[in-house]
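The listed protein sequences correspond, in order, to chains L and Y.
Residue numbers for the first sequence, in my numbering: 1 to 222.
Residue numbers for the second sequence, in my numbering: 1001 to 1222.
From the three backbone atoms N, C-alpha and C, an ideal C-beta is built for every residue, glycine too.
There are 2 protein chains.
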Amino acid sequence: MDAVSDTVEDTAPPRRKLPRAARRVQLIEATIETIGARGIARTTMGDVAKQAGLSHGLVNFHFQTKDNLLHETLLYLADEFRDNWMEAVAVADPYPAAQLEALLRADFRPEVCTPARLSAWCAFWGEAGSRPLYQQMCGEHDVAYDQQIESLCQSLITAGAYPHISARAARVLRTCSEGVWLDLMMPEPPYDLTEGLTTLMACAQALFPLHFTVLGRIDPAG
Amino acid sequence: MDAVSDTVEDTAPPRRKLPRAARRVQLIEATIETIGARGIARTTMGDVAKQAGLSHGLVNFHFQTKDNLLHETLLYLADEFRDNWMEAVAVADPYPAAQLEALLRADFRPEVCTPARLSAWCAFWGEAGSRPLYQQMCGEHDVAYDQQIESLCQSLITAGAYPHISARAARVLRTCSEGVWLDLMMPEPPYDLTEGLTTLMACAQALFPLHFTVLGRIDPAG
DNA sequence: ATTTTCTGATTGAACTGTCAATCAAAATGA
DNA sequence: TCATTTTGATTGACAGTTCAATCAGAAAAT
């Protein structure tokens, strides 16, 4: 039926009549790329259309307004990030240290940790202060992430008799992770992804020395 | 004739013929407020002028272009933040734990930690990914801050025979501080300034338990 | 034949940057 | 002390540009 759908993007012009959902995703991906390259302030509908190799009328056809396009793009990113860490936790070994390590590593997987995605996410974050809608979405993302971390921290605190407050330990880890993200967002980051992860593990080690080293969790099996 | 000049605007309207430098600062402050309220993307020269209670032609008279206005605003913020933490370190007690605590607390002083300033700084940060100039300025700010922290961390590591790498410990503290900032930027932050600082101190305690508690440094005098 | 997707020209609004005119204050001269 | 000139800060109207959104119609798809 749809022999077209194979080479949807990159160089070859992705000719007409892609299924609705696929076209929307293509345009959202183009939006992420454009925001990553030009920032939100200077991103126009024309830029997005050009990036996708389509006409700008089509962007309005699928998303009605620019505000809506941005909103849906943020939604897409937030869902992607959430799915990513949730799945990482789900497939991790079933003990707290392994799950916490999986959670912390998830945001740095190459699939989600691309320059354009980091940059776009940060751009939305920067605008969040003045846009209640973005604020709410970024906030909700953080809350869910934070709760998951806190629950794991609580398990570790109990297991290791650490003197920490779980909410605070969780916050230290989350903020550290977000800060490393900001560093890596720069086109010429001061350190690479591996060193970023090691920094996070150093943070986990400082909090939970019985369960973590700078290389990651200490396996309970020995 | 000139009965006008007194209260043309609301709060503190320095009417006509202000010296050049003062007027520029007034316009930059108006820019910070506007960016904080509307974000960079939707801030216009007209908005800034209105915020300052002046005509929009005057903004161009003093700053030529919008890009230049934004650039100078970022410069102003970066200088202010740097001066703030440098002075805090300079007046702190002359031992590493006290200086580190002063450094960490500096960014959360009410003078610099206002909603508009946090929000504006974050907005610039969000755009930094796509603007080499912003990138460089934000980067330089971070580098200087990081070097100062690292030097203090190194002193503590030596003093306490901690197993850390100074660069990584410094990075953990800096990223944690930046992450807390991001949290506090939200109009309805998930926790207050005091709790933010306590979180930072908890991070310092995890790294340097001989020198810090969640309340701050442990005074060497006892 | 009908519906859905897509294009590119067009429109109208908003914004930036310019400029001539205005005006307050400082400098100068009486 | 008071009038005159000079300076440069300030205004508001304007020109030119950019951009979001619309729309009529073309091109697939069903």
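| Measuring CA to CA, which of L/I165, L/C138, L/E140, L/G139 is closest to L/S151? | For L/S151, the nearest C-alpha among the options comes from L/I165.
| query | Does the separation of the CB atoms of L/V25 and Y/T1175 fall below 7 Å? | reply | When the beta-carbon positions are compared, L/V25 and Y/T1175 stay at least 7 Å from each other.
| query | Rounded to the nearest angstrom, how far is the Cβ of Y/A1092 from that of Y/A1102, given a contact under 8 Å? | reply | Rounded, the Cβ-Cβ distance is 4 Å, consistent with contact.
| query | Looking at the C-beta of L/S166, does it have a partner C-beta in chain Y at a distance below 7 Å? | reply | Not one beta carbon of chain Y lies nearer than 7 Å to the beta carbon of L/S166.
| query | Of all the CB atoms in chain Y, is at least one closer than 7 Å to the CB of L/S5? | reply | At L/S5, the pLDDT of 30 sits below 50, so the modelled position is not reliable and the matter cannot be decided from this model.
| request: Kindly provide the ranges of any alpha helix (DSSP H) runs that are 4 or more residues long and lie completely inside the stretch 1037–1091 of chain Y, ordered along the chain. | output: Taking 4 residues as the minimum length, the alpha helix (DSSP H) runs contained wholly in the stretch 1037–1091 of chain Y are 1045–1052, 1056–1063, 1066–1091, in order along the chain.
| said: Is it buried or exposed, Y/Q1147, if we count other Cβ atoms within 10 angstroms and call 16 or more buried? | reply: Burial call: exposed.
| Applying a beta-carbon distance threshold of less than 8 Å, which residues of chain Y neighbour L/T199? | When 8 Å is used as the limit between beta carbons, L/T199 is near these residues of chain Y: R1168, R1171, V1172, T1175, in chain order.
| task | To the nearest angstrom, report how far apart Y/D1219 and L/E87 are at their CA atoms. | result | If I take the Cα positions, the gap works out to 46 Å.
| From the beta carbon of Y/L1152, is the nearest beta carbon of chain L less than 7 Å away? | Not an interface residue.
| field | Cutoff 7 Å: Y/A1144 Cβ touching any chain L Cβ | value | With 7 Å as the cut-off, Y/A1144 does not count as an interface residue toward chain L.
| query | Which chain Y residues sit within Cβ distance under 7 Å of L/V180? | reply | Within chain Y, the residues near L/V180 are T1175.
| request: Say yes only if the C-beta of Y/F1212 is nearer than 6 Å to one or more non-hydrogen atoms of the ligand ADP, and no if none qualify. | output: As for the ligand ADP, it is missing from this structure, which has no ligand bound.
| task | Report the three-state DSSP secondary structure of L/R117 (helix, strand or coil). | result | DSSP places L/R117 in the helix class (H, G or I) of the three-state scheme.
| Coarse secondary structure for Y/R1020, derived from DSSP in three states | Y/R1020: helix per DSSP, three-state reduction.
| message | Suppose the cutoff is 8 Å on Cβ atoms and the five residues either side in sequence are ignored; what does the same chain contact list for L/D183 look like? | response | Closer than 8 Å at Cβ, skipping near neighbours: P189, P190, Y191, G196.
| field | Per-residue contacts from Y/R1223 into chain L (C-beta, under 7 Å) | value | Lying before the first or after the last residue shown, residue 1223 of chain Y is absent from chain Y, which here runs from 1001 to 1222.
| task | Could you please give me the residues that DSSP links to L/R217 through a beta bridge? | result | According to DSSP, which records beta bridges pairwise, L/R217 is partnered with L/F212.
| task | Would you please state the rounded distance, in angstroms, between the beta carbons of L/A123 and L/C138? I believe it to be under 8 Å. | result | That belief does not hold up - the Cβ atoms of L/A123 and L/C138 are roughly 11 Å apart, past 8 Å.
| query | What in chain Y is Cβ-close to L/R38, meaning under 7 Å? | reply | Close to L/R38, with beta-carbon spacing below 7 Å, are these residues of chain Y in chain order: S1130.
| query | So, is the C-beta of Y/M1127 closer than 7 Å to a C-beta in chain L? | reply | A small correction: the amino acid at residue 1127 of chain Y is Glu; Met does not occupy that position in the sequence shown. Taking CB atoms only, Y/E1127 has a neighbour in chain L less than 7 Å away.
| What span of residues does the alpha helix (DSSP H) with L/R131 cover, start to end? | First-last for L/R131: undefined, no H or E at that position.
| Exposed unless 16 or more other CB atoms sit within 10 angstroms - verdict on L/P96 | Buried is the call here.
| message | Less than 7 Å between the C-beta atoms of Y/H1062 and Y/G1046, yes or no? | response | Result no, Cβ atoms of Y/H1062 and Y/G1046 do not sit closer than 7 Å.
| message | Check whether the stretch 1069–1083 of chain Y and the stretch 154–174 of chain L touch, using three or more Cβ-Cβ pairs below 8 Å as the test. | response | They do not touch, by the three-pair rule.
| said: With a threshold of 7 Å between beta carbons, is L/C203 in contact with chain Y? | reply: So, interface residue.
| said: Mapping the DSSP letters down to three states, classify Y/H1164 as helix, strand or coil. | reply: Here Y/H1164 sits in coil by DSSP.
| field | Listed by chain order, chain L residues near Y/L1207 by CB distance under 8 Å | value | Under the 8 Å cutoff, chain L gives A206.
| Taking Cβ positions, are L/S130 and Y/R1038 nearer each other than 7 Å? | In this structure, L/S130 places its C-beta atom within 7 Å of the C-beta atom of Y/R1038.
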